[in-house]
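Colleague: My structure is below; once you've seen it, I'll send some questions.
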Amino acid sequence: MVAVPKIRLIWLGLTAALMALTLWMIFIWVPTEVNQGNIQRSLYFHVPVAWTAMVAIVLVAFASVAYLKTRSEKWDRLAVAAAETGVIFAGLMLITGMVWAKPVWGVWWTGEAKLTTTLILFFIYVAYLMFRAYFPPGEQRRRLAAVIGLMGAIDTPIIYYGAQLWERAHPSAVVGPLSDSDSSVDGPIGITLIVAVVAFSVLFAYVASERYRLRKQEDEVMELRRAVSLRPALAISSSLETTESTASAPAGGAY
Amino acid sequence: MRKRIIPLLIAIVLLAIPGVALAQSPDAASKASDGNTSGVITVIRVDQDTNLVGFVLSTKDGELVEIAVGDATSFGLENAAGDRWVAELGGDPSEALLRIRDQRERFSPVTVTVVDGVASAVVSREQGDLEQNLGFLFAIYLVTWAGFFVYIFIVSRRQHDLAREIQVLKGQVFGVDASEASQAG
Chain A
1 MVAVPKIRLI
11 WLGLTAALMA
21 LTLWMIFIWV
31 PTEVNQGNIQ
41 RSLYFHVPVA
51 WTAMVAIVLV
61 AFASVAYLKT
71 RSEKWDRLAV
81 AAAETGVIFA
91 GLMLITGMVW
101 AKPVWGVWWT
111 GEAKLTTTLI
121 LFFIYVAYLM
131 FRAYFPPGEQ
141 RRRLAAVIGL
151 MGAIDTPIIY
161 YGAQLWERAH
171 PSAVVGPLSD
181 SDSSVDGPIG
191 ITLIVAVVAF
201 SVLFAYVASE
211 RYRLRKQEDE
221 VMELRRAVSL
231 RPALAISSSL
241 ETTESTASAP
251 AGGAY
Chain B
1001 MRKRIIPLLI
1011 AIVLLAIPGV
1021 ALAQSPDAAS
1031 KASDGNTSGV
1041 ITVIRVDQDT
1051 NLVGFVLSTK
1061 DGELVEIAVG
1071 DATSFGLENA
1081 AGDRWVAELG
1091 GDPSEALLRI
1101 RDQRERFSPV
1111 TVTVVDGVAS
1121 AVVSREQGDL
1131 EQNLGFLFAI
1141 YLVTWAGFFV
1151 YIFIVSRRQH
1161 DLAREIQVLK
1171 GQVFGVDASE
1181 ASQAG
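These protein sequences, in sequence, are chains A and B.
For the first sequence, counting from 1, position 197 maps to 197 in the working numbering; every step adds exactly one.
Convert by adding 1000 to the 1-based position in the second sequence; the result is the number in the working numbering.
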């Protein structure tokens, strides 16, 4: 029990150190890109948040499958944590992309496939969270939310391949299996991008773990509230039993 | 009502994603009018033999302009190292395609002179204003960090509130004082 806060503290420290290194590399170490100028530095934020947003939806899908298979609440908690953290990263991906596009493309937004499917991903996250917020708690909500989480993952490969499938203004992949040798980034720009992706992945893991912990607390509160609501009934039942009554305690509780 | 939610969501996703694909019309760009047009290259058009036949420019105003090129189109394009390549399309079509792709991938702006609906010259734009974007850069970092900090603050505060509520509820359930319950863990 004592080791848990220490691990969190180390994790937080690691995240802060990596972020500090990333910022130093972005603003001091890496040279200014010759064509786009300083606005290109925004891509060291945009690409990592896009990467983590997609990792998040894959994690939601993975946790959803695991929940449907095992019915263990820990997977449901993981799916919620990944979805809520994912919606933050997806929102930031859209905003940073739009602010970059304005000076480079001349517009905030184009209706091309890569951008539109990314917007759909954001709405899938929102729909998932709204569903969870408005549907009554219980097994049915967890099961149906898992199905929605799985559906969201369908969008991920479409986003990834979007720039290749429909060649438009959005640049093709510059790292990973889809990048070709001509367009791939290397040198200081490539190194900075990789460090930024690692830093944001660690940040995502930290934020998602904090959200997971919060979800666990929420479940604990729900259980305790249920126990509190049952107490008078149990007390009555207990007193009735002591008076040798045959009446049974009422079933059910707050949920 | 609840039984309809999931099929509805499935239908929305299944319709939305192919809908995006169908909406990607190749004719979104307007034809270039005679004169000079500047912007960044967003789409490259090639024929069946992968010869360059045109490209789409995204202008500063966000307008997409379709540019057609011919054998007489002359190029004056600089690569990242600053080496300038000057030639006509008919003289070295494969190099022209490589250079145009390079311009596109680097978001390097070009100025196109159009005569009779066909580009007569495609040159690297000498003076762009892409270097003056510190305001946009500042906005991106401000929004990103503000987003993270606000979210982490909300999560942290909620954790704190719930920890207190758990203590109180444990006290009620186990019939001990909240502070005793917290000491007991």
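We put the CB at the ideal spot given by N, CA and C, even for glycine.
Quantities reported herein were computed from a predicted structural model and do not represent experimental measurements.
#1: Taking all protein chains shown into account, decide if K69 of chain A is buried (16 or more other Cβ within 10 angstroms of its Cβ) or exposed.
#2: Is G37 of chain A close to chain B? Criterion is C-beta to C-beta, closer than 8 Å.
#3: Buried or exposed for A20 of chain A, please, with buried defined as at least 16 other CB atoms from any protein chain shown within 10 angstroms of its CB.
#4: In the DSSP assignment, the beta strand (DSSP E) including F62 of chain A goes from what residue to what residue?
#5: Do L1052 of chain B and T1037 of chain B come within 8 Å of each other at the CB atom, strictly closer than that value?
#6: So is S1094 of chain B buried or exposed if we call it buried at 16+ other beta carbons inside 10 Å?
#7: Whose C-alpha, out of A:A199, A:R77 and A:W100, is nearest the C-alpha of Q217 of chain A?
#8: F45 of chain A versus chain B: which residues are under 8 Å apart at the beta carbon?
#9: What did DSSP end up calling T1113 of chain B once you bin it into helix, strand or coil?
#10: Out of A:D155, A:L129 and A:S209, which has the shortest C-alpha to C-alpha gap to T118 of chain A?
#11: Following the continuous beta strand (DSSP E) through D76 of chain A, name the residue where it begins and the one where it ends.
#12: Judging by CA-CA distance, which residue of A:W105, A:I57, A:I7 and A:A66 is the nearest neighbour of A82 of chain A?
#13: Does the Cβ of I7 of chain A have 16 or more other Cβ atoms within 10 Å, making it buried, or fewer, making it exposed?
#14: Since E1095 of chain B meets chain A, which of its residues come closer than 7 Å, beta carbon to beta carbon?
#15: Going along the chain, which residues of its own chain have a beta-carbon closer than 7 Å to the beta-carbon of P202 of chain A, five neighbours each way excluded?
#16: Using a threshold of 8 Å, state whether the C-beta atoms of V1118 of chain B and A1068 of chain B are closer than that.
#17: Compare the beta carbon distance of L1137 of chain B and S209 of chain A with 8 Å and say whether it is the shorter of the two.
#18: Measure the Cβ-Cβ separation of V1173 of chain B and R211 of chain A and say whether it is below 8 Å.
#19: Once DSSP output is grouped into helix, strand and coil, what is the label at T1059 of chain B?
#20: For M25 of chain A versus V195 of chain A, is the C-beta spacing smaller than 8 Å?
#21: What's the call for L1142 of chain B, buried or exposed, on a 16-neighbour Cβ count within 10 Å?
#22: Thinking just about the alpha-carbon of each residue, which of A:P188, A:E84 and A:M151 is nearest to the one in L214 of chain A?
#23: Is DSSP giving L214 of chain A helix, strand or coil here?
Modeller: Let's see:
#1: Exposed: under 16 other Cβ atoms inside 10 Å.
#2: The beta-carbon of G37 of chain A is placed less than 8 Å from the nearest beta-carbon of chain B.
#3: By the neighbour-count rule (16 or more Cβ atoms within 10 Å), A20 of chain A is not buried but exposed.
#4: First-last for F62 of chain A: L43 to T70, but that is the alpha helix (DSSP H), not the beta strand (DSSP E).
#5: No, the pair does not count as a contact, with Cβ atoms beyond the cut-off.
#6: S1094 of chain B counts as exposed, since fewer than 16 other beta carbons sit within 10 angstroms of its beta carbon.
#7: Of the candidates A:A199, A:R77 and A:W100, the one whose C-alpha sits nearest the C-alpha of Q217 of chain A is A:R77.
#8: When 8 Å is used as the limit between beta carbons, F45 of chain A is near these residues of chain B: I1140, Y1141 and T1144, in chain order.
#9: DSSP places T1113 of chain B in strand when its eight states are reduced to three.
#10: Ranking A:D155, A:L129 and A:S209 by CA distance to the CA of T118 of chain A puts A:D155 first.
#11: Taken as a continuous stretch (DSSP letters only), D76 of chain A belongs to no beta strand (DSSP E), being part of the alpha helix (DSSP H) at E73 to W105.
#12: The alpha carbon of A82 of chain A has as its nearest neighbour, out of A:W105, A:I57, A:I7 and A:A66, the alpha carbon of A:I57.
#13: I7 of chain A comes out exposed.
#14: Simply none; closest approach about 14 Å.
#15: Checking the displayed sequence, the identity of residue 202 of chain A turns out to be Val instead of Pro. Cβ neighbours of V202 of chain A beyond the five flanking positions: L14, T15 and L18.
#16: Taking 8 Å as the Cβ cut-off, V1118 of chain B and A1068 of chain B qualify as a contacting pair.
#17: With a cutoff of 8 Å on beta-carbon distance, L1137 of chain B and S209 of chain A are scored as not near each other.
#18: No, Cβ-Cβ distance for V1173 of chain B and R211 of chain A is not below 8 Å.
#19: T1059 of chain B carries a coil assignment under DSSP once its states are collapsed to helix, strand and coil.
#20: In this structure, V195 of chain A lies closer than 8 Å to M25 of chain A by Cβ.
#21: Under this definition L1142 of chain B is an exposed residue.
#22: L214 of chain A has its Cα closest to that of A:E84, out of A:P188, A:E84 and A:M151.
#23: Note: L214 of chain A maps to helix in three-state DSSP.
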